[in-house]
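FYI, the numbering for the sequence shown is 0 to 544, going by numbering that gives the first Met the number 0.
All C-beta atoms in this analysis are idealised placements derived from N, C-alpha and C, irrespective of residue type, glycine included.
Since the structure comes first, as structure tokens, the remarks are kept for the end.
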Amino acid sequence: MTMLSVRTSHEIQDSVEALLPQLVKDRVASRLAAKDASLWGKKAALEAVQRLGWANPFPSSRPLLEPIAELRGTLKERGIKRIILAGTGGSTLASEVAARAAGVELAVIDSTDPGMLADTLTDLETTLMIVASKSGSTLEMDVAFRVFSDAIEQAGLKLSEHVVVITDPGSPLEQLANKHRLLMFTADPTVGGRFSALAAFGLVPTGLAGVDVDRVLTEAMDAQAEFILDNPENPALILGAALAGQHPQRNKLVIHDDTACLPGFSAWIEQLVAESTGKQGLGLVPTVQIGSSANEDSIERTDDVLHVYLHGANTTLPEEAGPSVTVSGSLAAQFIVWEYAVAVACRIIGVNPFDQPDVEASKQAAQNLLAGEPNSTHNERGATDGPVSVAAYGSWIDHSKITGLESAIEALREVATERSYVAINVFTDRNSHRDVAAPLQQTITDIFHRPTAFGWGPRFLHSTGQAHKGGPAEGIFIHVLARSVNDITVPGLNHTGGEQLAAQATGDARVLAERGRPVVMIKVDDPAVGLPYIVDKLKAIQAAA
């Protein structure tokens, strides 16, 4: 029996109990364990049949332990002291969470921001970059690898001693690894990126950073034994029913971390839930509460909100007020229960958990901008407001009414409904400007009194970005593009890191606008000046409201 529990509040208990008998009768848990691709319907089965390796990852994951341990020993002998993980989304989030929980260092570069790219260029002799991409063509990975590998070669170092690759067999990244004779871990192609916490993408970086991945796998395997049982006490079935049991009425998750035991774990859940469920106008919209911004009183109406509380193992659980589900357990057990539960929730909602049909749209829009193909149908004139400029995207407003930040926020408030959620997405160096996240989220929540998602761009494009465009059409969007003072050249490309970041921010804003979502873009030339100005201005708007 695993040390994992799922507790639901009385407000949602009836809907959970109504679903459990059918889930048990349909043998959903045991069919998941048996990798039954028919669980989500005939159309989804065509993809699901190739994406269910995560349901029992241990046969392909256990053999990774020995080479991980051997390579870690070799790296120590070489004097490698810093490990950088380059990728984004499912290729990085699980490793980042596991490293933080274990208190070991693992630097993650999941952005095209020049400041973050520049962080890869120091202490080259003692640095290893892990380049991770399932497709082998992920943009953020490619840009980071180009910058780092050029610096390694310019320094006269051997690329093969400073780069390790994780990718699917047959990918362009595998070909690149073979060309440069790089050490490569081949991932299980039947495990999708966001379900790969216990597969190569989650284990290799984690293990090389110093986490005991043998223990992680053992704890997860022990937990899985309970989650595959067809009975109403199965925590995975209870959690899946709690998440989706009142969909579409209750379709917004407000997630609260246990920062002591599970720091950052909610960011991994955010991607798993948003990309798996948010499509066809359906799904769950997760909003992660950051630090002190977890103020439940700021959200006035909660008919469409489910609070999710995360706790570590052996934790004394408080009694939570309002509609909620509380999940407690070790990180390994939490990884696998959430993977099972989200797959169950997708069956209840009626969506394919393994595709992400709306992610590609923003990528294409960014590429078009970089290729010099502006879309003449957009009117994006910016109004100056101190050190920032503000513009609206789309046809939801007369653009001439946007004269600054205050008028933009007022315009968004006018189109907000009682079911709206707000997403504020900041394209900048998240390592240097991490402190703005909590005050931005809290202030926006206080202004709109609705659940507010905070995303770092461009990484959110691979998580909540899917739900924003493909999920419930209830979002209101604020993009902040904070240009880097010092741009960086990307070898082999005809644009800089800053130009790439700007194209990603603008491209996503345009796609959202094309889908009828209200969007405001705030551009900042100097983040050190502009980001604090935005926080202060929003606080003033909130105080005057």
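Query, Result
"Whole-angstrom C-beta distance between residue 420 and residue 450, which should lie under 8 Å", "5 Å"
"Alpha-carbon to alpha-carbon, residue 446 and residue 376", "Low per-residue confidence applies at residue 376: pLDDT is 41, beneath 50, and the placement is therefore not dependable enough to give any value."
"Environment of residue 250 [buried if 16+ CB atoms lie within 10 Å]", "buried"
"Residues near residue 384 by beta carbon distance below 7 Å, same chain, minus five either side", "403 and 404"
"Minimum length 4: unbroken alpha helix (DSSP H) runs contained in the region 17-80", "27-32, 41-47, 57-60 and 64-77"
"Cβ distance (whole Å) where residue 478 is taken to contact residue 358 below 8 Å", "16 Å between Cβ atoms; not a contact."
"Nearest-angstrom Cα separation, counted from residue 64 out to residue 194", "19 Å"
"Reduced DSSP category for residue 444 - H, G, I as helix; E, B as strand; rest coil", "helix"
"Identified DSSP bridge partners for residue 288", "255"
"Residue nearest to residue 225 in terms of C-alpha spacing, selected from 2, 341, 510 and 350", "2"
"Buried or exposed (CB count within 10 angstroms, at least 16 for buried), residue 210", "buried"
"Segment contact, 8 Å Cβ cut-off, at least three pairs: the region 466-475 with the region 328-340", "no"
"According to DSSP, residues forming a beta bridge with residue 6", "325"
"Burial state of residue 365, where buried means 16 or more other Cβ atoms lie within 10 Å", "buried"
"Residue 50 versus residue 534 - alpha carbon distance", "42 Å"
"Alpha helix (DSSP H) runs wholly inside the region 341-375, at least 4 long, in chain order", "358-369"
"Bounding residues of the beta strand (DSSP E) (the contiguous stretch that carries residue 305)", "304-310"
"Short Cβ contact (8 Å threshold) for residue 151 with residue 243", "no"
"Under the three-state DSSP convention, the category residue 203 falls into", "helix"
"Length of the line joining the Cα atoms of residue 378 and residue 476", "Per-residue confidence for residue 378 stands at a pLDDT of 49, beneath the threshold of 50, marking its modelled position as unreliable; the derived number appears in the next sentence. Answer to the nearest angstrom: the Cα atoms are 17 Å apart."
"Neighbourhood of residue 438 by C-beta, 6 Å cutoff - its chain only, sequence neighbours within 5 removed", "534"
"Beta-bridge pairing of residue 425 - partner residues as DSSP gives them", "455 and 479"
"Cβ of residue 164 within 8 Å of any chain D Cβ", "Protein chain content of the structure displayed is limited to a single chain, and chain D is not contained in it."
"Neighbourhood of residue 91 by C-beta distance below 6 Å, restricted to the same chain and skipping five residues each side", "84, 107 and 109"
"The region 38-46 in contact with the region 348-355 per 3-pair CB rule at 8 Å", "yes"
"Residue range of the alpha helix (DSSP H) that includes residue 261", "From DSSP, residue 261 is part of no alpha helix (DSSP H); its letter is neither H nor E."
"Reference residue 280; option with closest CA among 481, 28 and 473", "473"
"Euclidean distance between Cα positions of residue 220 and residue 433", "35 Å"
"Whole-angstrom distance between residue 510 and residue 374, CA atom to CA atom", "Bear in mind that the predicted position of residue 374 carries a pLDDT of just 49, short of 50, making it unreliable; the figure below should be weighed with that in mind. Using only the alpha carbons, I get a separation of about 11 Å."
"Identity of the residues DSSP links to residue 390 by a beta bridge", "520"
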